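Residues 2 to 854 (our numbering) are what the first sequence spells out, left to right.
Shown next, in structure tokens, is the structure this report addresses.
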Amino acid sequence: MATDCIDYNFHKIEPHWQTFWEENHSFRAERNPAKQKYYVLDMFPYPSGSGLHIGHPEGYTATDILARYKWARGFNVLHPIGWDAFGLPAEQHAVRTGTHPASNTQNNIVTFKRQIKALGFSYDWEREIDTTDPRYFRWTQWIFLQLFQRGLAYVDERAVWWCPELRTVLANEEVVDGRSEVGGFPVERRNLRQWVLRITAYAERLLADLKGVDWPESTKRMQEAWIGRSEGAEIRFELEDKSHGPLKVFTTRPDTLFGCTYMVLAPEHPLVEALATGDLKAEVEAYRRKAAGKSDLERTDLAKEKSGVFSGSFAINPVNGQRVPIWIADYVVMGYGTGAIMAVPAHDERDHEFAQRFSLPIVQVVESGGASLPYLGDGRMIHSGAYNGLPWQEAKRRITEDLAARGAGRATVNYKLRDWLFSRQRYWGEPFPIVWVDEAGYARAQATRPDLLPGEAVTFVQGGVRHYALPLPPEALPLELPSVQSYLPSGTGESPLANETSWLEIWFDLETGAAVPASAPRPAAGAWVRGRRETNTMPQWAGSCWYYLRFLDPHNRDAIAAPAALRYWGAPDLYVGGAEHAVLHLLYARFWHKVLFDLGVVPQDEPFTKLFHQGIILGEDGEKMSKTRGNVVSPDTLIDSHGADTLRLYLMFLGPLDAMKPWNPRGIEGVHRFLQKVWRELIAADGSVSAKASADADAPELIKLLHETIKKVGDDIEHLRFNTAISQMMIFANAVQKAPGVTRDTALVFLQLLAPFAPHFAEELWSRLGGQGSIMRAPWPAYDPSRLATSEVKLVFQVNGKHRGDQFVPVGTTQETALQLARNNSRVAPFLDGKTVKRVVFVPARVLNIVVE
RNA sequence: GCUCGGGUGGUGGAAUGGCAGACACGACGGUCUUAGAAGCCGUUGCCGGAAGGCGUGCAGGUUCAAGUCCUGUCCCGAGCACCA
């Protein structure tokens with residue numbers, strides 16, 4: 002039932018149809034295994050306090066068009082939405098106001114939901130999820146337990162980024178230019194006990210399987226670079242003082258081993274102290290302290306001159322027995338390879354620079370053909386004993402083999418990818434389902450629930466006591482957050498949870514996971530041990546690592562999703578979201594997914610087979626939108642002034658979906674006029690169907706244009722080219738305007754094409770023009786290829802490649818006829834006059850190019 | 001520094017190697033109106049009265065034909081950054 006408004010009153014029309022869709026459950030994904038499925042997913046938002054940003058509806062409109070189009074194409078569509086609701090802003094708000102972050106989060110969700118609904122998106126709200134809901138994070142915790150049980154989670158005391166302002170550690174990825182990505186506060190290094198996920202165990206598969214996914218090439222390359230695979234060799238140098246054992250280095254150029262004139266250890270390398278000799282000890286120690294105080298930004302500043310200090314010790318080059326001095330320098334980092342290198346200044350830029358600065362010898366071992374050093378190109382070996390004359394790639398292979406044969410090295414592969422720092426000293430995150438117990442407690446657990454434990458116990462030592470990580474039994478999940486007095490982190494660097502003694506210090510039942518405060522007497526029956534809960538919480542990435550699976554079966558109490566649902570819906574057919582998640586979210590989610598695949602939980606080994614990034618919408622001034630610049634465009638304002646349909650159309654009309662585009666506030670008038678024009682053509686001044694839209698027959702040109710439009714809009718939607726689809730619909734509307742009339746059927750077909758873009762508008766006119774039911778359920782119109790055929794085409798005449806005239810000719814016109822027509826063409830003829838034709842190029846139905854002398 | 005992506009009218013943008021500038025915005029002129037708004041009609045890459053010439057960052061090249069392919073170069077944007 003249409004509204005009763007006389008003119009195009011979107012204030013009335015849009016809420017009307019939104020209510021209609023809601024009441025009719027129009028977007029409910031069916032449970033119908035016989036029907037072909039289409040799963041289209043948006044990156045779910047973090048419900049921030051500032052509400053929806055114009056960038057959200059850009060991507061959401063794109064997926065909504067796809068979803069509605071696929072419904073019309075007869076697919077069973079899954080188009081869900083939810084909330085990535087754990088996160089720092091809500092916690093900071095809680096610290097300021099003392100209110101629970103959950104209440105702030107729920108308020109924000111209400112706002113987001115209202116705004117999203119006002120845009121008329123076809124989400125299946127019955128599948129809404131919220132990562133902070135215990136019914137959801139129960140399964141986040143469950144997945145963590147699987148990682149734990151498989152030995153993919155461990156604790157490690159490691160130098161991590163600590164932000165004094167935020168009072169938490171941050172992942173490498175959350176630190177940008179020596180400052181926190183959130184808030185831009187300075188960060189420093191601290192040694193803290195952390196949970197770490199062994200993502201490096203999946204490095205090879207994460208890299209290899211990128212080949213099979215349909216992603217933007219740039220994103221694949223970013224992940225490749227992030228994983229950073231490099232093949233080389235680990236080479237073992239004996240130390241002159243054998244009491245310290247051998248020194249292992251990683252190199253990608255074992256062929257240049259004869260050119261190694263010194264070694265470098267990272268300042269954090271465990272052998273540094275032992276290798277510093279005599280009067281150099283003090284100098285080495287001073288250097289090490291200085292390096293520790295440097296931020297990564299200072300250390301990696303390429304403009305800075307290299308620094309370093311000689312240790313006083315020597316290693317022995319395994320290929321020629323030469324003594325090689327060992328230096329300590331911070332251009333070598335501990336986190337990659339072995340934290341030590343063999344320096345070959347003739348063939349490495351960094352080593353070259355260092356050697357020059359400290360006047361170390363430079364020995365060339367690859368022929369450079371006269372090119373200056375450092376030389377990194379191709380060439381044959383020199384000064385390399387038995388390997389002289391070999392191409393370097395060949396020498397690389399042979400030297401590696403020879404070293405391996407002598408036990409002095411082996412071919413290895415190294416990755417830049419580091420294990421994933423997975424803990425945060427915060428309140429507002431998923432608690433780890435882990436209890437720390439002593440050795441005796443762990444021994445009991447090994448007897449009681451060995452199925453839950455990893456092959457090797459996860460432990461740490463503090464104050465001479467070893468603590469053992471014990472998982473909660475899955476049936477005891479979720480482990481919920483306790484309410485706390487203060488959301489401020491504890492002074493020790495632990496999360497606020499460390500202050501909640503009754504939650505923290507417990508008697509723990511190994512069999513059931515039940516707990517009572519340690520202050521209470523130990524319960525009699527059951528396998529109770531004394532324990533202390535883990536106080537860290539999980540990072541925000543955790544909840545978003547698997548949410549696309551929960552949408553398949555969001556209310557399941559027994560599993561992350563039923564196997565049948567996982568099989569039927571599979572992975573999203575299309576995943577749309579910002580390129581800022583190119584590495585982190587998309588890599589973490591792939592990692593978890595592969596683990597779940599190995600567990601047999603999910604049937605496919607990649608989560609996101611097709612990915613698309615919507616571009617950023619810049620402010621009017623061409624700058625990134627930000628409150629401080631005052632160039633933020635609010636969807637609410639535009640919905641009020643022009644309507645959701647106009648906003649949706651304009652967002653898509655702005656340019657290619659993946660492009661970065663500035664917002665032009667005046668341009669929105671164009672698409673609004675387009676809708677007004679369609680309304681005016683089809684609806685009379687009194688609100689009834691116009692006389693014009695009641696024609697008996699369409700002009701042949703209009704029919705042809707309609708079929709062209711059906712084809713182009715369909716093709717463009719499939720390829721996410723929404724801007725050109727809209728342009729084609731505008732062309733059609735302009736043609737209708739100029740035509741004397743249009744049939745009801747043609748008008749209805751056109752409205753169907755428009756419906757995915759401007760759904761409220763299309764439903765309204767569909768209803769007024771007598772369309773049956775909801776336009777969403779009407780099958781997508783098919784074009785008739787025979788209608789696209791033309792009898793006449795415009796042939797362009799060129800002389801020497803220049804356009805000199807054109808003429809309509811029948812399809813199938815031959816070169817001879819065309820040439821004759823050109824000669825007779827009054828505009829072309831003068832250019833042929835008195836010239837000799839050297840060559841004629843004829844492209845049927847397109848161009849005739851006459852090359853003359 | 002390395003790796004990508006991109007430079008087309010006043011603006012956003014369009015163009016399987018085959019008429020560069022579709023579709024819009026803006027601007028200008030007209031129509032309607034007491035006036036305006038909306039709508040409608042027309043013009044709108046640059047130079048030129050016209051004929052015509054020039055034109056897709058710049059310089060070359062391939063081709064009958066280049067925004068599109070190749071080489072070099074400049075500029076803008078993104079990502080990575082002493083990873084051995």
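Just so you know, even glycine gets a beta-carbon here, dropped at the ideal spot from N, CA and C.
Please read these numbers as outputs of a predicted model, since none were measured by experiment.
Within 10 Å of its beta-carbon, does residue i have 16 or more other beta-carbons around it, so buried, or fewer, so exposed?
i    : result
I130 : buried
T791 : exposed
D43  : buried
M653 : buried
M2   : exposed
P497 : buried
A387 : exposed
Looking at the secondary structure, which residues open and close the alpha helix (DSSP H) in which residue i lies?
i    : result
P564 : 564-570
V679 : 669-683
R649 : 645-654
Q821 : 816-825
D327 : Checking the displayed sequence, the identity of residue 327 turns out to be Ile instead of Asp. No alpha helix (DSSP H) holds I327; the beta strand (DSSP E) holding it covers 324-329.
P102 : 102-119
Q195 : First-last for Q195: 189-198, but that is the beta strand (DSSP E), not the alpha helix (DSSP H).
K795 : From DSSP, K795 is part of no alpha helix (DSSP H) but of the beta strand (DSSP E) over 793-800.
F355 : 350-358
R745 : 745-755
M343 : Not the alpha helix (DSSP H): M343 falls in the beta strand (DSSP E), residues 341-344.
A204 : 204-209
Mapping DSSP to helix, strand and coil, what is residue i?
i    : result
W421 : strand
V41  : strand
F552 : coil
P780 : coil
V96  : helix
D717 : helix
E395 : helix
L588 : helix
M264 : strand
R805 : strand
T4   : coil
E512 : coil
F122 : coil
So, under 8 Å CB-CB, residue i and residue j are touching, yes? Tell me the CB distance rounded to an integer number of Å.
i    : j    : result
D559 : W529 : No, D559 and W529 are not in contact; Cβ-Cβ is about 27 Å, not under 8 Å.
M382 : V367 : 6 Å
W72  : M777 : 6 Å
L258 : I236 : 7 Å
Y589 : W421 : 7 Å
G340 : H270 : 5 Å
A572 : Q615 : A572 to Q615, Cβ: 20 Å. No contact.
For residue i, which residues in the same chain have their Cβ closer than 6 Å to its Cβ, ignoring the five residues on either side in sequence?
i    : result
W504 : P483
A499 : S491, T536
E239 : P247, I317
T744 : A696, D699
A95  : P102, Y488
W328 : Y263, V265, G309, F311
H761 : I14, E15, W18, G121, D646
A405 : R411
A756 : A763, I776
K713 : Q729
Ordered along the chain, which non-local residues of its own chain (more than five positions away) have a Cβ less than 7 Å from that of residue i?
i    : result
Q738 : K678, E682
K118 : Q19
N33  : N77
Please return the same chain residues whose Cβ sits closer than 8 Å to the Cβ of residue i, not counting the five positions on each side in sequence.
i    : result
W437 : H468, Y469, A470, L471, G532, R533, R534, E535
L377 : H348, D349, E350
G456 : G152
G813 : P845
E855 : Absent from the model: residue 855. The displayed extent of the chain is 2 to 854, so no value can be given.
Would you give the residue range spanned by the beta strand (DSSP E) that residue i belongs to?
i    : result
S314 : 310-317
H468 : 466-472
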